[in-house]
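Protein chains in written order, with this note's numbering: chain A, 1 to 291; chain B, 1 to 301; chain C, 1 to 364. Cβ coordinates follow ideal geometry from the N, Cα and C atoms, glycine included.
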């Protein structure tokens, strides 16, 4: 008996972790999937209803706005984070004095919660007392900056706050990547006569393909899950102009009591994430196996 | 390529590169400082605003220095005004968060450490699949589990409680902690474990006496990561609790959103700072471990 | 005109002196090896020649032009690195012509050079491949090709064979030697492997602690090492150094080892300055391969020593003998049967002796 225990001890020890994840991740996702095919309202119903909720979802104006916002936000978020991240990483790679201090400054934003970030930026972007007033008091009398309460522009305020929070992270990834390149390559390039710009543009950045890949995946992931920041900054407003899928899901479940519909939106989010993560994990695994 | 450059043109080459270098250097620092201001600006505004009176805020701008360092709004943010009902302040919710974070970090770290240990040092058939199985949990959008979790907490009788949040955070922390420990232990030579087994040590002894003592770096990374994630969480906190059991981020958001008569921006800012201080302190003290956690969590394998 | 001249060169990293007043000259077509243990400064010196490191004191001249402050790309040099440093995201062709493109060479010239070099090195079938798809030997040839294509005045090699396994290393070493014979290029080659240095170099500069210990042809370094460091570094196993004293009488000089009575005559030894033999304490140096098991020359000294240990290497064996409680090693063919713990007759070739002052460790 004891020997059986000993032999299988590793598996027994793994069991709680596997069990918990199996239940609370896989089990729950399947449950949500199931419910998305019912027309549950306040409480879950277990009769299958078909794809009714999905049709309702894609016919919903609010959902379409949410998806549209997600696409706009993701595109801008990605571009700005990566561009700023790369620029900062390359600049910091130049043997700067106070590199440590600058790195700390660029990265501390990752330590803050999205609520804190949203609260701070909400104040900064305050239509009367925030940036607008700052510029007016500096002499630009007709300056307006009311993006936060502007239906068209509010989504861009979320981009500003989101990039502020996450660009440092991309910088850290690229800096680590650049520094992992053996310096003989840079020496060879110098001897070959490459200017500093050419060294980065033609040699180092192309070598950073895996870092690009990783950054994209993580940023897209963060973007799809965006909830906290939006709640804190705009609550989806003005009106519903900055609503996003995560917000939609919570609101339909807990404020509108449409559990089936909410489940359908959750599954859409799940599939979006899966579409990005699964290819990524697959290629990472192939790389690991090839070693 | 000819080697027949005159010595004078060598001199010219020397000088030209010197001037471009100086210009580039200045440009470099300029850009870096510009971005640094973008990052520092909100922090500065938060601090400065929290130290002003509402009068000063209305009259000045975001950047204006306070006339006096007025900590009154901090006191209000933390302990309230003593009105009674309707007076929200952070203190109880701060402690809620502490009560939630400490056990959740502990359990998720411990389970992850054991899982990482098994997966790397006690290989079995299919262990790569088990790891993948767990890893997937890092990526799911939590919206896909909110509904069943809400029901489960209700059924277990722990909805709207700190214990419920501890359960949630522990479970969803496991994929991350397992990832960290697995990646760390995989780089520890298995000869260490083999030697211990030859010496007669068993499963638990090897873990506690051999691996754990050298695991300090990864424990620090994991604890910092988990602490930050859980302290900063809002989604779980707002979905699974409300009122008295809420953690600090939920309380912060409620305070800022509550539209009672006059908006007190200085109190808002003070509250935000208070909510952000624990993770900021962790970052300042153990910053490099924090970053290591971020970058290593992103680079699998 | 010297192709390369280094004048009073000194380099510090912080407070550590890495190179101390180095002086060096090379003629065209020479293959100079910078040899030494790790930390001796050889790689630093190479980097300085390339222009990748700054100089604290002194000058570097290429073809009599002072290039001390000139950028690497303008020095007309090319370098092959230990890890080859091929650009991973470019294919072989792009790797090889990268330098030419940076120098804005004409398209025709580039094509011409590429064709010439790639067929010479037999990498023309590999042009479309990426470095990750090449074997170690192929990568090295591409790295050499990248250097060749620019027709530089000096080729610099930074331990290019260190990353290869033993068999490949020997193969590539011969290829490099053949290349040098065919092209007659000027080469500065850094290595810590003395076999490589001896087989490749026309001149070897042995370095230790930032100072050149000896700069000579391989034969002279092998037969007449200028100090005990060189004597010990070169040769496998290294030269035996026996402590003892010189005894001078009227016309004769002989060596008496510590703890021994045997007088070993020193005849026909090329002393630096015979009259200045101040300190009598010396090291008597003789290589293991110059200790024979039967008399080969007239003047070979016969001596009986007890054999303590024998190591069989395959084609030869290394036997440890006890000489007045000092160990000396001898190299014999493995077919000889040596009885351990018994006294064996040995013959020392007195024409191959080196003497070093025991205090200064310099050759006398």
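**Prompt:** Are there 16 or more other CB atoms within 10 angstroms of the CB of residue 4 (chain A), so buried, or fewer, so exposed?
**Reply:** Within the first chain, residue 4 (chain A) is the residue found at index 4, counting from 1. Result: exposed.
**Request:** Alpha carbon to alpha carbon, how far is residue 164 (chain C) from residue 136 (chain C)? Give it in angstroms, no decimals.
**Result:** Against the third chain, residue 136 (chain C) aligns to sequence position 136. Against the third chain, residue 164 (chain C) aligns to sequence position 164. Each residue's Cα considered, the two are about 7 Å apart.
**Message:** Can you list, in chain order, the residues of its chain with a C-beta nearer than 6 Å to that of residue 149 (chain C)? Leave out the 5 residues immediately preceding and following it.
**Reply:** Looking up residue 149 (chain C) in the third chain gives position 149. Exclusion of the five residues before and after residue 149 (chain C) leaves 96, 113 and 117 as the residues of its chain whose Cβ lies within less than 6 Å of its Cβ.
**Message:** Tell me whether the stretch 126-146 of chain B and the stretch 168-183 of chain B touch, counting them as touching only if at least three CB pairs, one residue from each stretch, are closer than 8 Å.
**Reply:** Segment contact: the stretch 126-146 of chain B against the stretch 168-183 of chain B, three or more CB-CB distances shorter than 8 Å; contact assigned.
**Asked** Would DSSP call residue 152 (chain A) helix, strand or coil?
**Response** Stepping through the first chain from its first residue, residue 152 (chain A) is reached at position 152. In the structure shown, residue 152 (chain A) falls within a coil segment according to DSSP collapsed to helix, strand and coil.
**Request:** Measure the CB-CB distance between residue 303 (chain C) and residue 348 (chain C) and report whether it falls below 9 Å.
**Result:** Position 303 of the third chain, counted from the first residue, corresponds to residue 303 (chain C). Position 348 of the third chain, counted from the first residue, corresponds to residue 348 (chain C). Yes. Within cutoff.
**Request:** Taking only the alpha-carbon atoms, compute the straight-line gap between residue 153 (chain B) and residue 117 (chain B) and give it to the nearest angstrom.
**Result:** Counting from 1 along the second chain, the entry for residue 153 (chain B) is found at position 153. Counting from 1 along the second chain, the entry for residue 117 (chain B) is found at position 117. If you take the alpha carbons of residue 153 (chain B) and residue 117 (chain B), they lie about 30 Å apart.
**Prompt:** Does any residue of chain A bring its CB to less than 9 Å from the CB of residue 47 (chain C)?
**Reply:** Here residue 47 (chain C) corresponds to residue number 47 of the third chain, with the count starting at 1. For residue 47 (chain C), the closest Cβ of chain A is nearer than 9 Å.
**With 16 other Cβ atoms within 10 Å as the buried cut-off, status of residue 53 (chain A)** = Residue mapping note: residue 53 (chain A) aligns to position 53 of the first chain, counting from 1. Counting C-beta atoms within 10 angstroms of its own C-beta, residue 53 (chain A) has 16 or more neighbours from the protein chains shown and is therefore classed as buried.
**Asked** Among B:35, B:111 and B:49, which has the Cα closest to the Cα of residue 207 (chain B)?
**Response** On the second chain, position 207 is the one that residue 207 (chain B) refers to. Minimum Cα distance to residue 207 (chain B) is reached at B:111.
**Asked** Is there a Cβ from chain C that is less than 9 Å from the Cβ of residue 284 (chain A)?
**Response** Within the first chain, numbered from 1, the residue matching residue 284 (chain A) stands at position 284. Not a single C-beta of chain C is nearer than 9 Å to the C-beta of residue 284 (chain A).
**Asked** Would DSSP call residue 67 (chain C) helix, strand or coil?
**Response** Along the third chain, read from residue 1 onward, the residue named residue 67 (chain C) stands at position 67. DSSP places residue 67 (chain C) in coil when its eight states are reduced to three.
**Asked** Candidates A:144, A:40, A:214 and A:42: which alpha carbon is nearest residue 171 (chain A)'s?
**Response** The count along the first chain starts at 1 and reaches residue 171 (chain A) at position 171. Minimum Cα distance to residue 171 (chain A) is reached at A:214.
**Request:** Work out the CA separation of residue 145 (chain A) and residue 36 (chain A) for me, nearest whole Å.
**Result:** Along the first chain, read from residue 1 onward, the residue named residue 36 (chain A) stands at position 36. Along the first chain, read from residue 1 onward, the residue named residue 145 (chain A) stands at position 145. The straight-line gap from Cα to Cα measures roughly 41 Å.
**Request:** Please state whether DSSP places residue 54 (chain B) in a helix, a strand or coil.
**Result:** Translated into the one-based positions of the second chain, residue 54 (chain B) becomes position 54. Residue state, collapsed to three classes: helix.
**Message:** Taking CB distances under 9 Å as the criterion, tell me whether residue 220 (chain B) reaches chain A.
**Reply:** Locating residue 220 (chain B) in the second chain gives position 220, counting from the first residue. With 9 Å as the cut-off, residue 220 (chain B) does not count as an interface residue toward chain A.
**Asked** Rounded to whole angstroms, how far is the Cβ of residue 369 (chain C) from the Cβ of residue 321 (chain C), which I believe are closer than 8 Å?
**Response** As shown, chain C starts at 1 and ends at 364. That puts residue 369 (chain C) outside it, with no answer to give.
**Prompt:** Does residue 201 (chain A) come within less than 9 Å of chain B when only Cβ atoms are used?
**Reply:** Counting from 1 along the first chain, the entry for residue 201 (chain A) is found at position 201. With respect to chain B, the C-beta atom of residue 201 (chain A) has no partner C-beta closer than 9 Å.
**Request:** In the DSSP assignment, find the alpha helix (DSSP H) that holds residue 107 (chain B) and state where it starts and stops.
**Result:** For the purposes of this step, residue 107 (chain B) is taken as residue 107 along the second chain, with counting starting at 1. Run containing residue 107 (chain B): 91-121, per the alpha helix (DSSP H) assignment.
**Request:** Measuring alpha carbon to alpha carbon, tell me which of A:62, A:82 and A:148 ends up nearest residue 246 (chain A).
**Result:** On the first chain, position 246 is the one that residue 246 (chain A) refers to. The residue with the shortest Cα to Cα distance from residue 246 (chain A) is A:62.
**Item:** Residue interval of the alpha helix (DSSP H) (run including residue 137 (chain A))
**Value:** Sequence index remark: in the first chain, residue 137 (chain A) carries index 137 (1-based). It spans 131-137 - the alpha helix (DSSP H) in which residue 137 (chain A) sits, taken as one unbroken run.
**Prompt:** Just how far apart, CA to CA, sit residue 33 (chain A) and residue 153 (chain A)?
**Reply:** Locating residue 33 (chain A) in the first chain gives position 33, where the first residue counts as 1. Locating residue 153 (chain A) in the first chain gives position 153, where the first residue counts as 1. Straight across, the Cα-Cα distance linking residue 33 (chain A) with residue 153 (chain A) is about 35 Å.
**CB of residue 49 (chain B) within 9 Å of CB of residue 269 (chain B), strictly** = Along the second chain, read from residue 1 onward, the residue named residue 49 (chain B) stands at position 49. Along the second chain, read from residue 1 onward, the residue named residue 269 (chain B) stands at position 269. A contact, by the Cβ cut-off of 9 Å.
**Asked** Does residue 37 (chain C) come within less than 9 Å of chain F when only Cβ atoms are used?
**Response** Of the protein chains in this structure, namely A, B and C, none is chain F.
**Message:** Quick check on residue 220 (chain C): does DSSP put it in helix, strand or coil?
**Reply:** The count along the third chain starts at 1 and reaches residue 220 (chain C) at position 220. Taken through DSSP and simplified to helix, strand or coil, residue 220 (chain C) comes out as helix.
**Message:** Let's see if you can read the secondary structure: which residues bound the beta strand (DSSP E) around residue 140 (chain B)?
**Reply:** For the purposes of this step, residue 140 (chain B) is taken as residue 140 along the second chain, with counting starting at 1. Neither: residue 140 (chain B) is in no beta strand (DSSP E) and is coded neither H nor E.
**Prompt:** Can you tell me whether DSSP reads residue 16 (chain C) as helix, strand or coil?
**Reply:** What you label residue 16 (chain C) is simply residue 16 of the third chain in a count that begins at 1. Residue state, collapsed to three classes: strand.
**Item:** Spatial neighbours of residue 376 (chain B) in its chain, beta-carbon cut-off 8 Å, leaving aside the 5 residues before and after
**Value:** With chain B covering only 1 through 301, there is no way to say anything about residue 376 (chain B).
**Prompt:** If you measure beta-carbon to beta-carbon, which residues of the stretch 46-71 of chain A are closer than 8 Å to chain B?
**Reply:** Answer set for the stretch 46-71 of chain A: empty.
**DSSP state of residue 2 (chain B) mapped onto helix, strand, coil** = Locating residue 2 (chain B) in the second chain gives position 2, where the first residue counts as 1. Annotation note: pLDDT 40 at residue 2 (chain B) (below 50); position unreliable, coordinate value reported separately. In the structure shown, residue 2 (chain B) sits in coil (DSSP, three-state: anything other than H, G, I, E or B).
**Request:** Express the C-alpha separation of residue 241 (chain A) and residue 204 (chain B) in angstroms, rounding to a whole number.
**Result:** Within the second chain, residue 204 (chain B) is the residue found at index 204, counting from 1. Within the first chain, residue 241 (chain A) is the residue found at index 241, counting from 1. Rounded to the nearest angstrom, the two C-alpha atoms are 56 Å apart.
**Prompt:** Taking the alpha helix (DSSP H) that residue 106 (chain A) falls in, what are its first and last residues?
**Reply:** Numbered from its first residue, the first chain carries residue 106 (chain A) at position 106. Judged by DSSP secondary structure, residue 106 (chain A) falls within the alpha helix (DSSP H) whose first and last residues are 99-107.
**Message:** I want to see whether chain A comes within less than 9 Å of residue 100 (chain B), judged by CB atoms only; does it?
**Reply:** As a working note, residue 100 (chain B) is residue 100 in the second chain. It does not; no Cβ of chain A falls within 9 Å.
**Prompt:** Going by other Cβ atoms of all chains shown within 10 Å of its Cβ, with 16 needed for buried, is residue 197 (chain C) buried or exposed?
**Reply:** Residue 197 (chain C) sits at position 197 when you count from the first residue of the third chain. With 16 or more neighbouring CB atoms inside 10 Å of its own CB, residue 197 (chain C) falls in the buried class.
**Request:** Would you mind listing the alpha helix (DSSP H) stretches within the stretch 156-195 of chain C that are 4+ residues and don't spill past its ends, in chain order?
**Result:** Taking only runs of at least 4 residues, the alpha helix (DSSP H) segments lying wholly in the stretch 156-195 of chain C are 166-183.
**Asked** In whole angstroms, what is the alpha-carbon distance linking residue 19 (chain A) and residue 168 (chain B)?
**Response** Working through the first chain from its first residue, we reach residue 19 (chain A) at position 19. Working through the second chain from its first residue, we reach residue 168 (chain B) at position 168. Roughly 14 Å separates the two Cα atoms.
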